[in-house]
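Enquirer: In the UniProt record's numbering, the protein residues as written are 1 to 360. Backbone N, C-alpha and C fix where the C-beta goes; we use that ideal spot for every residue, glycine too. Handing you this structure, nothing more for now.
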Amino acid sequence: MEKKLGLSALTALVLSSMLGAGVFSLPQNMAAVASPSALLIGWGITGVGILFLAFAMLLLTRIRPELDGGIFTYAREGFGELIGFCSAWGYWLCAVVANVSYLVIVFSALSFFTDTPELRLFGDGNTWQSIVGASVLLWIVHFLVLRGVQTAAGINLAATLAKLLPLGAFIALAAIAFRMETFRLDFSGLALGVPVWEQVKNTMLITLWVFIGVEGAVVVSARARNKQDVGRATLLAVLSALAVYLLVTLLSLGVVPRSELAEIRNPSMAGLMVNMMGSWGEIVIAAGLIISVCGAYLSWTIMAAEVPYLAATHKAFPRLFARTNKNNAPSASLWLTNVSVQASLVLIWLTGSDYNTLLT
């Protein structure tokens with residue numbers, strides 16, 4: 001297989017797959033379940049754990065560089081053919097659902113610009129207009145990836161840099177608006193009526209969720225220019241994401257009290273930006289959310305198409321899915337993935353489901 005992806009492209013793939021929609025709702029999600037003290041403990045535990053996972057992936061790529069099928073080959077090598085197959089199948093199904101949810105979120109975010117009390121155009125991302133728009137975006141990305149994973153990864157690198165701009169603006173403004181006396185209000189969360197250890201447990205259900213995608217570089221490791229870059233990219237992306245999550249969460253608690261932050265509607269980062277810079281803040285965050293989710297969707301499309309392809313090349317999936325086109329893109333696997341996503345979008349429209357339904 002042609003090896004093309006360098007350190008920057010691999011790092012962007014991992015970072016983009018982690019920094020999706022969740023970061024924009026993180027302030028409210030965290031404030032609703034935990035106090036500042038519990039958040040510090042929860043992020044500390046999660047940070048240590050996720051860094052150990054990143055180091056484990058780094059070591060695996062150096063100790064067993066011949067295992068270039070990502071999570072699938074690790075599972076098969078450790079536990080046998082059946083577990084390897086189940087790993088690939090389960091991962092692909094989760095990736096398909098993730099892609100559907102990203103498309104729903106994009107058009108739900110667009111409703112910030114289009115919808116009024118009198119006109120519901122995109123709504124929660126499940127109107128017929130949203131489904132048509134999501135379908136168009138789906139097939140644009142499909143044909144983009146067919147032009148080659150390297151081309152798609154290059155565009156993803158640009159999208160990752162673009163999504164960091166609104167996040168950076170939020171962090172800078174929150175740092176300026178931060179007040180220690182606000183941050184220390186009810187520092188141990190007495191108003192929540194829940195012990196600190198219980199608050200910590202509640203935060204970790206969220207902190208682990210936002211690191212989904214950490215395995216991105218491992219999934220496409222067969223396409224890496226240098227195998228050692230896979231582990232490095234994972235570690236760099238984890239450190240970057242952890243820094244963003246910590247700053248967004250903790251600085252938010254110094255802008256408005258925890259009890260008020262817990263009541264802001266999601267994406268709560270938009271409400272905080274309105275508080276800091278006026279009505280334009282909501283538009284900045286809505287635009288950032290759309291860019292962020294589109295970038296994450298592109299990353300997950302690459303990863304979702306890669307898994308059946310790799311499983312097929314190792315004879316765990318039908319050989320049909322090992323086919324590639326002239327650009328070395330996993331064409332058969334990509335068609336399987338995106339036809340499944342398209343069918344799911346139609347079901348979303350027929351059932352009226354939204355993002356929260358997809359999560360559960």
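1) In angstroms, rounded to a whole number, what distance separates the CA positions of Q28 and L253?
2) Could you tell me which of G125, R184 and G148 sits nearest to K326, measuring between CA atoms?
3) Smallest Cα separation from F112: which of V284, L146 and G70?
4) Tell me whether the beta-carbon of A152 lies closer than 8 Å to the beta-carbon of L144.
5) Tell me where the alpha helix (DSSP H) around S259 begins and ends.
6) Mind checking I63: buried by the 16 CB within 10 Å criterion, or exposed?
7) Work out the CA separation of S135 and L208 for me, nearest whole Å.
8) Under the DSSP definition of a beta bridge, which residues are partnered with L5?
9) Below 8 Å on the Cβ atoms is my contact criterion, and I expect A304 with V255 to pass it. Report the Cβ-Cβ distance as a whole number of Å.
10) Buried or exposed: which applies to I348, given that a residue is buried once 16 or more other Cβ atoms fall within 10 Å of its Cβ?
11) Quick one: is R76 buried, meaning 16 or more other Cβ sit within 10 Å of its Cβ, or exposed?
12) Roughly how many angstroms separate the alpha carbons of M1 and S101, rounded to a whole number?
13) Using 8 Å as the Cβ pair cut-off and three pairs as the minimum, do the segment 274 to 291 and the segment 37 to 55 touch?
14) Assuming contact is defined by CB atoms lying nearer than 8 Å, are L13 and G216 in contact in what I supplied?
15) Rounded to whole angstroms, what's the CA-CA distance from T249 to S240? Just pull it up for me.
16) Alpha carbon to alpha carbon, how far is T160 from I264?
17) Report all residues from its chain with a CB closer than 7 Å to the CB of K4; omit the five preceding and five following residues, and keep chain order.
18) Suppose only complete runs of 4+ residues qualify. What are the alpha helix (DSSP H) ranges in the segment 162 to 214, listed by chain order?
19) What is the residue span of the alpha helix (DSSP H) that N29 lies within?
20) Is it the case that the Cβ atoms of A88 and V307 are separated by a distance below 8 Å?
21) With respect to the alpha helix (DSSP H) encompassing E306, which residues constitute its N-terminal and C-terminal limits?
22) Less than 8 Å separating the beta-carbons of W300 and A109?
23) Are there any heavy atoms of the ligand MG lying less than 7 Å away from the beta-carbon of N226, as far as the coordinates show?
Expert: The relevant details are as follows:
1) Translated into the one-based positions of the sequence shown, residue 28 becomes position 28. Translated into the one-based positions of the sequence shown, residue 253 becomes position 253. Taking C-alpha positions only, Q28 is separated from L253 by approximately 10 Å.
2) On the sequence shown, position 326 is the one that residue 326 refers to. The shortest Cα separation from K326 among G125, R184 and G148 belongs to G148.
3) For the purposes of this step, residue 112 is identified with residue 112 of the sequence shown, where counting begins at 1. Comparing Cα-Cα distances from F112 to each of V284, L146 and G70, the minimum goes to V284.
4) The residue labelled residue 152 in the question sits at position 152 within the sequence shown. The residue labelled residue 144 in the question sits at position 144 within the sequence shown. Yes, Cβ-Cβ distance for A152 and L144 is below 8 Å.
5) Here residue 259 corresponds to residue number 259 of the sequence shown, with the count starting at 1. Element bounds for S259: R258 to L261.
6) Mapped onto the sequence shown, residue 63 falls at position 63. Flag for I63 reads exposed.
7) Reading the sequence shown from its first residue, position 208 is the one you call residue 208. Reading the sequence shown from its first residue, position 135 is the one you call residue 135. Between L208 and S135, the C-alpha separation is close to 30 Å.
8) Locating residue 5 in the sequence shown gives position 5, counting from the first residue. In the DSSP secondary-structure assignment, L5 is bridged to A224.
9) One-based indexing of the sequence shown puts residue 304 at position 304. One-based indexing of the sequence shown puts residue 255 at position 255. Actually they are not in contact, since the Cβ atoms of A304 and V255 sit about 37 Å apart, beyond 8 Å.
10) By 1-based counting over the sequence shown, the position of residue 348 is 348. It counts as buried.
11) Residue 76 sits at position 76 when you count from the first residue of the sequence shown. Looking at its Cβ environment, which holds 16 or more other Cβ atoms inside 10 Å, R76 is buried.
12) Against the sequence shown, residue 1 aligns to sequence position 1. Against the sequence shown, residue 101 aligns to sequence position 101. Unreliable positioning characterises M1 in this predicted model, as indicated by a pLDDT of 38, which lies under 50. A coordinate reading is not provided.
13) Judged by pairs of C-beta atoms under 8 Å, the segment 274 to 291 does not touch the segment 37 to 55, as fewer than three such pairs exist.
14) In the sequence shown, counting from the first residue as 1, residue 13 sits at position 13. In the sequence shown, counting from the first residue as 1, residue 216 sits at position 216. Yes. Within cutoff.
15) Walking along the sequence shown from the start, residue 249 turns up at place 249. Walking along the sequence shown from the start, residue 240 turns up at place 240. Whole-angstrom Cα-Cα distance: 14 Å.
16) Along the sequence shown, read from residue 1 onward, the residue named residue 160 stands at position 160. Along the sequence shown, read from residue 1 onward, the residue named residue 264 stands at position 264. Looking at the backbone, the Cα of T160 and that of I264 are separated by about 27 Å.
17) Counted from its first residue, the sequence shown places residue 4 at position 4. Spatial neighbours of K4 in its own chain (CB-CB distance under 7 Å, excluding positions within 5 residues in sequence) are listed in chain order as Q150, R223 and R225.
18) When DSSP assignments are scanned along the segment 162 to 214, the uninterrupted stretches of alpha helix (DSSP H) that are 4 or more residues long and fall wholly within it turn out to be 180 to 183 and 196 to 209.
19) To locate residue 29, count along the sequence shown from 1; it is residue 29. For N29, the enclosing alpha helix (DSSP H) has its first and last residue at G22 to A31.
20) Working through the sequence shown from its first residue, we reach residue 88 at position 88. Working through the sequence shown from its first residue, we reach residue 307 at position 307. Yes, these two residues count as a Cβ contact at 8 Å.
21) Position 306 of the sequence shown holds residue 306. Per DSSP, E306 is one residue of the alpha helix (DSSP H) stretching across W280 to T313.
22) Residue numbering aside, residue 300 sits at position 300 when the sequence shown is read from its first letter. Residue numbering aside, residue 109 sits at position 109 when the sequence shown is read from its first letter. Inclusion of W300 and A109 in the CB contact set at 8 Å is not warranted, their separation being larger than that value.
23) This structure simply doesn't include the ligand MG, nor any ligand for that matter.
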